[in-house]
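Residue numbers for the sequence shown follow this note's numbering, so the first one is 228 and each next one is one higher. Ideal Cβ placement from N, Cα and C applies to all residues, glycine included. First comes the structure, then the notes that go with it.
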Amino acid sequence: MHDIQDLIQLFNTTFVHSHNTVLVKGEDEPIYYPANNKQPAQVVFAHGYYASALHEIAHWCLAGIERRKQVDYGYWYNPDGRNEQQQKAFEQVEIKPQAIEWILSVAAGFNFKVSCDNLNGSYEPNRHEFRHKIHQQVTIYLHQGIPERAKHFAEQLSKFYQIDQPFSLKRFNPHE
Numbered sequence: 228m229h230d231i232q233d234l235i236q237l238f239n240t241t242f243v244h245s246h247n248t249v250l251v252k253g254e255d256e257p258i259y260y261p262a263n264n265k266q267p268a269q270v271v272f273a274h275g276y277y278a279s280a281l282h283e284i285a286h287w288c289l290a291g292i293e294r295r296k297q298v299d300y301g302y303w304y305n306p307d308g309r310n311e312q313q314q315k316a317f318e319q320v321e322i323k324p325q326a327i328e329w330i331l332s333v334a335a336g337f338n339f340k341v342s343c344d345n346l347n348g349s350y351e352p353n354r355h356e357f358r359h360k361i362h363q364q365v366t367i368y369l370h371q372g373i374p375e376r377a378k379h380f381a382e383q384l385s386k387f388y389q390i391d392q393p394f395s396l397k398r399f400n401p402h403e
């Protein structure tokens, strides 16, 4: 049901002309490359995973014009293996992207799973608490407005996958 080629085609059809951006299946690590004279911007996701693609699309949907001119939006990333302080900082900056990812997942009829992304760290994250914070942000977006590109793509996903009322709060279960 969730073929990665469908997602790539839908994203590229939606954004290549309006934002000069394409979705690209990558290998190990996701990355974003800004557009240049030879090619459009590339949202590269890892291993061909559908969830990875939705997550990277969410980051792109949140990045402003200046951020989209920089490799990986100019952000610093602290990889897996974080201590408690590093993990809490990671989670703080991941709330909004994961909320957008959740919205996109619901619009595609795809099961959202929160990602603490710290399998080898010295600190065991509280997935329940993190999911609750992400759900709070989803609620804010649904009541106050979803970022424009995210909303537009969610609408495209819901049409493609025939998902009725993708922005209904009832579709977002705060419990795993």
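What does a CB cutoff of less than 8 Å around residue i pick up in its chain, not counting 5 residues either side in sequence?
i, result
"P374", "C288, L289, I327, Y368"
"P393", "I330, V333, A334, A381, E382, L384, S385"
"T241", "H379, F380, Q383"
Measure the Cβ-Cβ separation of residue i and residue j and say whether it is below 8 Å.
i, j, result
"Y388", "A335", "yes"
Within the same chain, show all residues whose beta-carbon is closer than 6 Å to that of residue i, passing over the 5 residues directly before and after it, in chain order.
i, result
"A285", "P324, I327, E328"
"F339", "W329, S332"
I need the straight-line Cα distance from residue i to residue j, nearest angstrom please.
i, j, result
"D233", "H362", "27 Å"
"I330", "I258", "21 Å"
"Q319", "H402", "19 Å"
"G348", "E311", "Note that G348 has pLDDT 46, beneath the 50 cutoff, so the model's placement of it is unreliable and the number below is only indicative. When rounded, the distance between both Cα atoms is 8 Å."
"N345", "G253", "Only weak support is given to the placement of N345: the predicted model assigns it a pLDDT of 44, under 50, and the question is left unresolved by the model."
"N400", "K265", "43 Å"
"V365", "H282", "14 Å"
Could you tell me which residues DSSP pairs with residue i in its beta bridges?
i, result
"F272", "K252"
"I258", "V271"
Could you pull out every residue in the same chain whose Cβ sits closer than 7 Å to the Cβ of residue i, ignoring the five residues on either side in sequence?
i, result
"K397", "none"
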